[in-house]
Amino acid sequence: MTAGAQTRVRRLGLTALGALSGFVFLIPIWWLVVAAFRDPTEALSSTSVLGTLIPRSFSLDGFRSAIEDGYLRAVGISLAAAVSTVVGGLVVSSLAAYGFVAVRTRLSKVLFAVVVGSFLLPFETLAVPLVSVFSDLGLANGLPALILPALGNGLAVFNLRQAFLSVPLELAEAQYMDGAGHLRRFWHLYLPLCRPALIGSGMILFVSQWDSYLWPLLIISDNDNATASVAIASNFGPLSSNTQQAFAEVLVLVVIPAILLLFTQRRLIASSATSGIR
Amino acid sequence: MSGRTHQIRRGARTGVLLAFTGPALAVLILTRLAPEGLSLFASFEKVDPFDGDSWSFVGWANFRQLFTSAAFWHVLGVTVWFVVLVSPVIVVGSLYLAWLYTRTMPMRGLWRTVAFLPSAIPSLGLTVMWGVALKPTGVVNKTLEAIGLPAQGFYSSAAQALPTIALITAWGGVGYWMVFLIAGLLDIPREILDAARVDGATPWREFRSVVLPLLRRPLLFVLVANTVWVFQIYAPIQVLTNGGPSEATSTLMFDTVRTATVYSNQQQAMAQMVVLLVLLGTTVAVQFALLGERE
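Protein chains in written order, with full-length UniProt numbering: chain A, 1 to 278; chain B, 1 to 295.
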């Protein structure tokens, strides 16, 4: 075999391997999408396995009954919580990151270790005592209860500090000479220069809130304030035969962050290549 | 004189530091330190079952009770077993995907995105879709029967429940960790790989002797960060198995919440949580050291 043919065979093998491995992830997702739009009567009559992957009927019944059950309200609450978490979390973590970069004393190092270390711990593991703390403070059952614990995110603080460290000190000094205080340097120099890190950290914050299930389950007792995940779980039993509605609801739950991730995945790879998360 | 200005400047710097980190510290105290302190405190006390307001300090009694109970050791065993089941799949799987999707091939970007897609599915979404697919009469069992294999119990069988939850978890996470390893792979200087190739290294040799050693730190990071994440998996266990069948899937995280909410034994739950925190704290310390190494 010539070298050229060998390369061609190798490339063909890699292409096949790439597609096969991709199918491991693509087929279940495809199945979910098809099933969410399938006519419930067809689902019952269909016995063929391949048939479950081919869309033969189209029905919005699942979505309709989800809306009738008030799912849109739950999605709205999840969105409000996630967006507030991104905004509030970026404020909290970028301010802290600036503090750690602008002031380099021993105290700043210790605080950095404490803040990032504690925030790397998923707060869900503290959910049980956190419920008592929040109930005592009268914070249970509302949007603040969902948002507050998610504001502290170790990776977000770490990312932003890493990005701020890469801002040339000469620039900050030049601004200082021009009489710019810390707040102005933070706002007019550091934040605009670190947009990719802000986007990456914003994604991390969004996903952490959007993914949460245990915490909203424990802290929100009023059904009208349930988040999307909790609303789905309250109607879902794994052995129930009507999956249309659950799948339609899951699809909505998936599509919203997927759109965001598709736009930012490349950025995420780029930003984790320049920051220290590896 | 200069000593005094130095002191003033240092005071001002501390002021700036505290002003900027203030909001983060407030969140830290309210949502991390307060519950940690509370659980530590509560794990050393006992509440009178007939009078909820009266409690007494009982020292290590709650912990002694935990560690002398066979049920708790079972829970610890399930937790460790769960981590042991998920971690290799995640590390080997994400490394394989990262290696594969950094080769030259058509539609590479698309496949990368596809592999990453499951990470966009919230844990409850994963639970619902796999719960339906893997139920006794579900599509996976129908497929098995169609090709002449026996149907499996999956999460409804005591033997398969934990591995099933582990697989669902790994399927949903492997593409996420792949991203970190792709970043690590792209970071390896081309010259090093070219040099290896000029020296006549086979692809396998190149991977084992050049790529793997240079990828050590990102791999370690994935292993440790993923372990932290696996410790707190809750949704699939609560929704699909509720800790069963016959306690086969009651991990420490699940059991702690159950002790607090279903059995209403706050003190016991707090003691369990302290154990979980010690396990996690150790892992996070390792993770932090790995992040620090990167600076």
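The C-beta atom is built at its ideal place from N, Cα and C for all residues, glycine as well.
With a CB to CB cut of under 7 Å and the five nearest residues on each side skipped, what residues in its chain are close to residue i?
i          : result
Ala-74(A)  : Ala-226, Thr-227, Ala-228 and Ala-231
Glu-247(B) : His-74
Ala-97(A)  : Val-157, Leu-160, Arg-161 and Phe-164
Ile-192(B) : Val-210
Gly-59(B)  : Phe-44
Ser-156(B) : Pro-136 and Pro-245
Val-284(B) : Val-228
Ser-39(B)  : Met-270, Met-273 and Val-274
Gly-138(B) : Val-132
Ile-182(B) : Ala-98, Tyr-101 and Thr-102
Val-91(B)  : Leu-219, Val-222 and Leu-223
Quick one, which of the options has its alpha-carbon nearest residue i's?
i          : options                                           : result
Ala-102(A) : Leu-72(A), Arg-161(A) and Pro-28(A)               : Arg-161(A)
Ala-24(B)  : Ser-135(A), Ala-127(A), Leu-60(A) and Leu-148(A)  : Leu-148(A)
Ser-21(A)  : Trp-99(B), Phe-20(B) and Ala-42(B)                : Trp-99(B)
Glu-68(A)  : Leu-262(A), Asp-39(A) and Gln-245(A)              : Gln-245(A)
Val-255(A) : Thr-105(A), Leu-218(A), Gly-237(A) and Trp-210(A) : Trp-210(A)
Tyr-176(B) : Ala-225(B), Asn-242(B), Val-198(B) and Ser-119(B) : Ser-119(B)
Ser-212(A) : Leu-124(B), Gly-200(B) and Met-107(B)             : Leu-124(B)
Phe-288(B) : Val-207(A), Ser-221(A) and Leu-155(A)             : Leu-155(A)
Ala-233(A) : Ala-113(A), Ala-180(A), Leu-193(A) and Glu-249(A) : Glu-249(A)
Thr-104(B) : Ile-199(A), Gly-18(A), Ile-220(A) and Ile-259(A)  : Gly-18(A)
Tyr-190(A) : Gly-200(A), Ile-219(A), Leu-169(A) and Phe-112(A) : Leu-169(A)
Ser-118(A) : Asp-194(B), Ala-34(B), Gly-138(B) and Ala-71(B)   : Ala-34(B)
Ala-158(B) : Gly-93(B), Val-78(B), Leu-220(B) and Gly-37(B)    : Val-78(B)
Ala-235(B) : Glu-124(A), Val-133(A) and Leu-139(A)             : Glu-124(A)
Leu-261(A) : Leu-30(B), Ala-19(B), Leu-117(B) and Leu-18(B)    : Leu-117(B)
Enumerate in chain order the residues of its own chain whose CB-to-CB distance from residue i is below 6 Å, with the five nearest sequence positions on each side excluded.
i          : result
Val-140(B) : Ala-133 and Leu-134
Val-86(B)  : Ala-166, Thr-169, Ala-170 and Val-230
Gly-153(B) : Gln-160
Leu-217(A) : Val-230
Ala-271(B) : Ser-43, Asn-62, Phe-63 and Leu-66
Leu-150(A) : Inspection of the sequence shows that residue 150(A) is occupied by Ala rather than by Leu. Once the five neighbours on either side are set aside, the close Cβ partners of Ala-150(A) are Thr-85, Ser-208 and Gln-209.
Val-87(A)  : none
Ser-275(A) : Since pLDDT at Ser-275(A) reaches only 44, below the 50 mark, its modelled position is unreliable, and no value is offered.
Phe-63(A)  : Ala-248
Ala-269(B) : Thr-256, Thr-259 and Ala-260
Ala-70(B)  : none
In the DSSP output, what is residue i paired with across the bridge?
i          : result
Ser-156(B) : Per DSSP, none; premise fails for Ser-156(B).
Val-46(B)  : The residue asked about is misnamed: residue 46(B) is Lys in this sequence, not Val. For Lys-46(B), which the question treats as bridged, DSSP gives the partners Ser-56(B).
Which chain B residues sit within Cβ distance under 8 Å of residue i?
i          : result
Arg-11(A)  : Thr-104 and Met-105
His-188(A) : Result: empty, since nearest Cβ-Cβ is about 16 Å, beyond 8 Å.
Trp-210(A) : Pro-122
Closer than 7 Å by beta-carbon distance: list the chain A residues that pair up with residue i, in chain order.
i          : result
Tyr-263(B) : Correct list: empty, because the minimum Cβ distance to chain A is about 12 Å.
Phe-82(B)  : By Cβ distance, chain A contributes nothing, its closest Cβ being about 15 Å from Phe-82(B), past 7 Å.
Gln-287(B) : Leu-120
Leu-276(B) : Thr-125
Thr-31(B)  : Phe-123, Leu-130, Leu-148, Pro-149 and Gly-152
By Cβ distance, which residues of its chain are closer than 8 Å to residue i, with the 5 residues on each side in sequence left out?
i          : result
Leu-276(B) : Phe-231, Leu-252, Met-253 and Thr-256
Leu-121(B) : In the sequence as displayed, the identity of residue 121(B) is Ile instead of Leu. Cβ within range, chain order: Met-129 and Gly-172.
Leu-186(B) : Thr-102
His-182(A) : Tyr-98 and Ala-102
Leu-95(A)  : Phe-186
Pro-55(A)  : Val-34, Phe-37 and Arg-38
Leu-214(A) : Glu-124 and Ala-127
Glu-295(B) : Legend: pLDDT at Glu-295(B) = 45, less than 50; position of this residue unreliable, no value from coordinates given.
Leu-290(B) : Arg-217, Leu-220, Phe-221 and Val-224
Asn-226(B) : Val-86, Ser-87, Ile-90, Val-91, Gly-173 and Trp-177
In chain B, which residues lie less than 7 Å from residue i when you measure between Cβ atoms?
i          : result
Ala-82(A)  : Per Cβ cutoff of 7 Å: no residues; Ala-82(A) is ~11 Å from chain B at best.
Ser-234(A) : By Cβ distance, chain B contributes nothing, its closest Cβ being about 10 Å from Ser-234(A), past 7 Å.
Tyr-98(A)  : Phe-20
Phe-25(A)  : Val-114, Ala-115, Leu-117, Pro-118 and Gly-175
Val-167(A) : Neighbours of Val-167(A) on chain B: none; closest Cβ ~15 Å, over 7 Å.
List, in chain order, every chain A residue whose beta-carbon is nearer than 8 Å to that of residue i.
i          : result
Phe-57(B)  : In chain order: nothing, as chain A lies at least about 18 Å away.
Ser-39(B)  : Leu-126, Val-128 and Pro-129
Val-257(B) : Ala-127, Val-128, Leu-214 and Leu-218
Ile-13(B)  : For clarity, residue 13(B) is Arg in the given sequence; the question names Ile instead. The contacting residues are Val-103 and Thr-105.
Arg-108(B) : Gly-18
Trp-111(B) : Gly-18, Ala-19, Ser-21 and Gly-22
Below 9 Å on C-beta distance, what does residue i contact in chain A?
i          : result
Thr-282(B) : Near Thr-282(B) there are no residues of chain A at all, since even the closest Cβ is about 11 Å away, more than 9 Å.
Pro-213(B) : The premise fails here: Pro-213(B) is roughly 15 Å from chain A at the closest Cβ pair, so nothing lies under 9 Å.
Leu-28(B)  : Val-114, Val-115, Ser-118, Phe-119 and Gly-152
Quick one: list the residues of chain D neighbouring residue i, beta-carbon separation under 9 Å, in chain order.
i         : result
Trp-31(A) : The structure shown contains no chain D; the protein chains it does contain are A and B.
* Asked: At what residue ranges does the stretch 215 to 251 of chain B contain a whole run of the alpha helix (DSSP H), taking only runs of 4 or more?
  -> 216 to 231
* Asked: Can you list, in chain order, the stretches of the alpha helix (DSSP H) that have 4 or more residues and sit fully within the stretch 71 to 159 of chain A?
  -> Correct list: 71 to 102, 106 to 120, 127 to 136 and 143 to 147.
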